[in-house]
Amino acid sequence: MGEQPASKPKKAAKESKSANRAASAPEPAPGASATPSAPAKGPAGGTPAKEAPVKKAAPKKAVKKTVAKKAAKKAAPAKTAATKAPAKPAKAAATKAPAKPVAKPESHLSMVRRARRINRELADVYPYAHPELDFRNPFELLVATVLSAQTTDLRVNQTTPALFAAYPTPEDLAAADPEAVEQLIRPTGFFRAKTRSIMGLAAALRDDFGGNVPGRLDDLVKLPGVGRKTANVVLGNAFGVPGITVDTHFGRLVRRWKWTDEEDPVKVEAVVAEIFPKSEWTMLSHRVVFHGRRICHARKPACGACPIAPLCPAYGEGETDPEKAKKLLKYEKGGLPGQRLSPPPDYPGRPAPPLGAG
Numbered sequence: 373m374g375e376q377p378a379s380k381p382k383k384a385a386k387e388s389k390s391a392n393r394a395a396s397a398p399e400p401a402p403g404a405s406a407t408p409s410a411p412a413k414g415p416a417g418g419t420p421a422k423e424a425p426v427k428k429a430a431p432k433k434a435v436k437k438t439v440a441k442k443a444a445k446k447a448a449p450a451k452t453a454a455t456k457a458p459a460k461p462a463k464a465a466a467t468k469a470p471a472k473p474v475a476k477p478e479s480h481l482s483m484v485r486r487a488r489r490i491n492r493e494l495a496d497v498y499p500y501a502h503p504e505l506d507f508r509n510p511f512e513l514l515v516a517t518v519l520s521a522q523t524t525d526l527r528v529n530q531t532t533p534a535l536f537a538a539y540p541t542p543e544d545l546a547a548a549d550p551e552a553v554e555q556l557i558r559p560t561g562f563f564r565a566k567t568r569s570i571m572g573l574a575a576a577l578r579d580d581f582g583g584n585v586p587g588r589l590d591d592l593v594k595l596p597g598v599g600r601k602t603a604n605v606v607l608g609n610a611f612g613v614p615g616i617t618v619d620t621h622f623g624r625l626v627r628r629w630k631w632t633d634e635e636d637p638v639k640v641e642a643v644v645a646e647i648f649p650k651s652e653w654t655m656l657s658h659r660v661v662f663h664g665r666r667i668c669h670a671r672k673p674a675c676g677a678c679p680i681a682p683l684c685p686a687y688g689e690g691e692t693d694p695e696k697a698k699k700l701l702k703y704e705k706g707g708l709p710g711q712r713l714s715p716p717p718d719y720p721g722r723p724a725p726p727l728g729a730g
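Using this note's numbering, the first residue of the sequence shown is number 373, and each one after it goes up by one.
So this is what it looks like as structure tokens:
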């Protein structure tokens with residue numbers, strides 16, 4: 373019969389192969405069970421089925437890293453005020469300049485005292501203050517004052533010598549040829565309207581006052597072209613009757629000095645008349661007008677050269693630098709000539725240049 377022992381070496385060979393497989397199998401991953409699952413038996417029961425591949429578990433380090441990242445993300449604060457660009461510091465109240473103390477309103481009595489002191493100071497600065505229109509009698513002053521509207525006294529003084537040489541009396545002027553008068557007074561501007569005014573007042577003087585200029589305010593303001601300003605100029609300088617002359621210079625300055633806020637010349641005159649005695653009215657008018665023409669100009673007052681700057685509430689509206697302010701002065705004392713061509717004997721300045729000379 374055949375030899376039975378030959379099957380043993382075959383069985384030994386199979387066991388050797390199984391042992392080699394087991395040795396070459398990979399080690400279980402960390403955390404996996406150390407005991408492998410028993411191989412399933414094949415359908416025949418003798419041959420083991422192929423082992424299913426074991427899925428490798430994710431490494432613990434990676435898990436830890438992911439968890440750490442999430443934790444760090446949660447822990448990290450969202451953009452905080454510290455990480456943003458530093459905001460500009462709010463302006464602290466302490467850095468602001470201290471508020472100027474509010475000055476108490478000036479009492480009426482204090483204003484009156486200040487106004488009278490200004491008048492005394494101006495009297496020292498302009499001892500020669502006078503009307504800057506040339507005249508020899510009340511009629512010439514009346515006509516010259518009417519012509520001075522909207523022009524300078526110098527221009528009037530350059531014009532009236534020829535006019536009065538041709539028509540020396542009210543009767544002569546009232547009978548003149550209007551066109552001839554217009555040509556004579558053309559340099560003063562608005563010559564047609566002014567011709568009607570001076571010829572009309574000349575006729576009224578001839579017809580109603582015997583060719584004489586009346587010495588009462590109520591009579592003067594009835595004449596053509598004559599208002600309170602013109603009447604006060606004539607009364608104060610030709611008749612010696614006190615009067616306040618409110619022209620553009622006078623009104624501007626008394627408002628700057630806070631004597632009044634009124635704009636109407638009649639109201640300005642009434643307010644100022646209550647501040648000063650009558651004896652000062654005429655000369656006060658001359659001093660204020662002198663100061664307005666020479667220093668306290670409408671657009672560029674020379675504050676730095678003003679002798680009454682400490683008393684002026686409007687100081688600083690103009691040039692305060694003394695050297696620059698000096699360049700703004702006009703007809704100041706000891707400087708440029710006044711506006712009179714035929715000044716009175718007591719006039720300390722030089723006569724103005726004749727027509728065409730400057």
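We put the beta carbon where it would ideally sit given N, CA and C, even for glycine. Small disclaimer: the values here were computed from a predicted structure and weren't measured.
ask   = How would you write the range of the alpha helix (DSSP H) that proline 550 sits in, first residue to last?
value = 550 to 557
query = How about leucine 526 and glutamate 504: do their beta carbons lie closer than 9 Å?
reply = yes
key: Status (buried if at least 16 other CB within 10 Å, exposed otherwise) for leucine 556   = Taking all protein chains shown into account, leucine 556 has 16 or more neighbouring C-beta atoms within 10 Å of its C-beta and is therefore buried.
query = Can you find at least 3 beta carbon pairs, one from the segment 577 to 596 and one from the segment 624 to 643, that sit closer than 8 Å?
reply = no
key: Touching by the beta-carbon criterion (3+ pairs, under 8 Å), the segment 609 to 621 and the segment 651 to 665   = yes
task = Would you mind working out which of Val660, Leu625, Gln522 and Thr602 sits nearest proline 685, comparing C-alpha positions?
result = Leu625
request  = Go through its chain and collect everything with a Cβ distance to alanine 546's Cβ below 7 Å, but skip five positions before and after it.
outcome  = Met571, Ala574, Ala575 and Arg578
ask   = Would DSSP call asparagine 491 helix, strand or coil?
value = In the displayed model, asparagine 491 falls within a helix according to three-state DSSP.
task = Helix, strand or coil for phenylalanine 581, going by three-state DSSP, please let me know.
result = Three-state DSSP puts phenylalanine 581 in coil, outside helix and strand.
key: Closest residue to isoleucine 680 among Glu478, Arg488, Lys476 and His480 (Cα-Cα distance)   = Closest option to isoleucine 680, judged by alpha-carbon separation, among Glu478, Arg488, Lys476 and His480: Arg488.
query = Can you list, in chain order, the residues of its chain whose CB lies under 6 Å from that of glycine 587, leaving out five sequence neighbours each side?
reply = Phe611
ask   = Can you round the beta-carbon distance between arginine 712 and asparagine 529 to whole angstroms, since I take them to be within the 8 Å contact cut?
value = 6 Å
ask   = Hey, quick one: how far does the alpha helix (DSSP H) through glycine 623 stretch, first residue to last?
value = 620 to 628
message = Quick check on cysteine 684: does DSSP put it in helix, strand or coil?
response = Coil, per DSSP.
query = Of the residues Cys668, Leu514 and Met483, which one's Cα is nearest the Cα of proline 542?
reply = That would be Leu514, whose Cα lies nearest to the Cα of proline 542.
task = Can you have a look at alanine 538 and say buried or exposed, based on whether 16 or more other CB atoms are within 10 angstroms of its CB?
result = exposed
ask   = Mapping DSSP to helix, strand and coil, what is glutamate 704?
value = Summary for glutamate 704: the model assigns pLDDT 47, below 50, so the residue's position carries little reliability; its value from the coordinates is reported in the next sentence. Glutamate 704 falls in the coil class under three-state DSSP.
request  = Under 8 Å by Cβ, that's how I've got lysine 672 and glutamate 691 pegged, so tell me the actual separation to the nearest angstrom.
outcome  = 6 Å
query = Buried or exposed: where does alanine 603 fall if 16 or more other Cβ atoms within 10 Å of its Cβ makes it buried?
reply = Note on alanine 603: 16 or more other CB atoms within 10 angstroms of its CB, so buried under the neighbour-count rule.
query = Below 9 Å between beta carbons: does that hold for leucine 519 and phenylalanine 662?
reply = The answer is no: Cβ separation not under 9 Å.
task = Sort Gly583, Tyr687, Thr532 and Phe581 by Cα distance to phenylalanine 563 and report the nearest one.
result = Ranked by how close their Cα comes to the Cα of phenylalanine 563, the residues Gly583, Tyr687, Thr532 and Phe581 have Thr532 in first place.
ask   = Shortest alpha-carbon distance to alanine 521 belongs to which of Ala642, Lys630, His621 and Pro682?
value = Comparing Cα positions, the closest option is His621.
query = CB-CB under 6 Å to serine 714, same chain, minus the five flanking residues each way: which ones, in chain order?
reply = Asp506
query = Taking the alpha-carbon positions, what's the glycine 688 to leucine 589 distance?
reply = 39 Å
query = Would you report the Cα separation of threonine 517 and valine 605, rounded to the nearest angstrom?
reply = 8 Å
ask   = Going along the chain, which residues of its own chain have a beta-carbon closer than 6 Å to the beta-carbon of glutamate 484, five neighbours each way excluded?
value = The sequence as given places valine at residue 484; glutamate does not occur at that position. Closer than 6 Å at the Cβ level, and outside the excluded window around valine 484, lie Ile647.
task = Figure out for me which residue from Ala697, Arg568, Asp580 and Thr560 has the closest Cα to the Cα of threonine 524.
result = Selection Ala697, Arg568, Asp580 and Thr560 evaluated against threonine 524 yields Thr560 as nearest (Cα-Cα).
task = Under 8 Å by Cβ, that's how I've got valine 660 and valine 640 pegged, so tell me the actual separation to the nearest angstrom.
result = Actually they are not in contact, since the Cβ atoms of valine 660 and valine 640 sit about 11 Å apart, beyond 8 Å.
ask   = Do isoleucine 490 and leucine 701 have their C-beta atoms closer together than 9 Å?
value = no
query = Which two residues bound the contiguous alpha helix (DSSP H) that contains leucine 545?
reply = Start and end: 542 to 546.
ask   = By how many angstroms is the C-alpha of arginine 492 removed from the C-alpha of lysine 650?
value = 15 Å
ask   = Does DSSP put phenylalanine 562 in a helix, in a strand, or in coil?
value = coil
request  = Taking serine 479 as the reference, give the member of Cys668, Lys630 and Asn609 with the closest Cα.
outcome  = Lys630
query = Just the Cα atoms here: how many angstroms apart are lysine 698 and lysine 601?
reply = If you take the alpha carbons of lysine 698 and lysine 601, they lie about 31 Å apart.
message = For alanine 453, count the other beta carbons within 10 Å of its own beta carbon; 16 or more makes it buried, fewer makes it exposed. Which is it?
response = Unreliable positioning characterises alanine 453 in this predicted model, as indicated by a pLDDT of 47, which lies under 50. The coordinate reading is nonetheless provided below. Alanine 453 comes out exposed.
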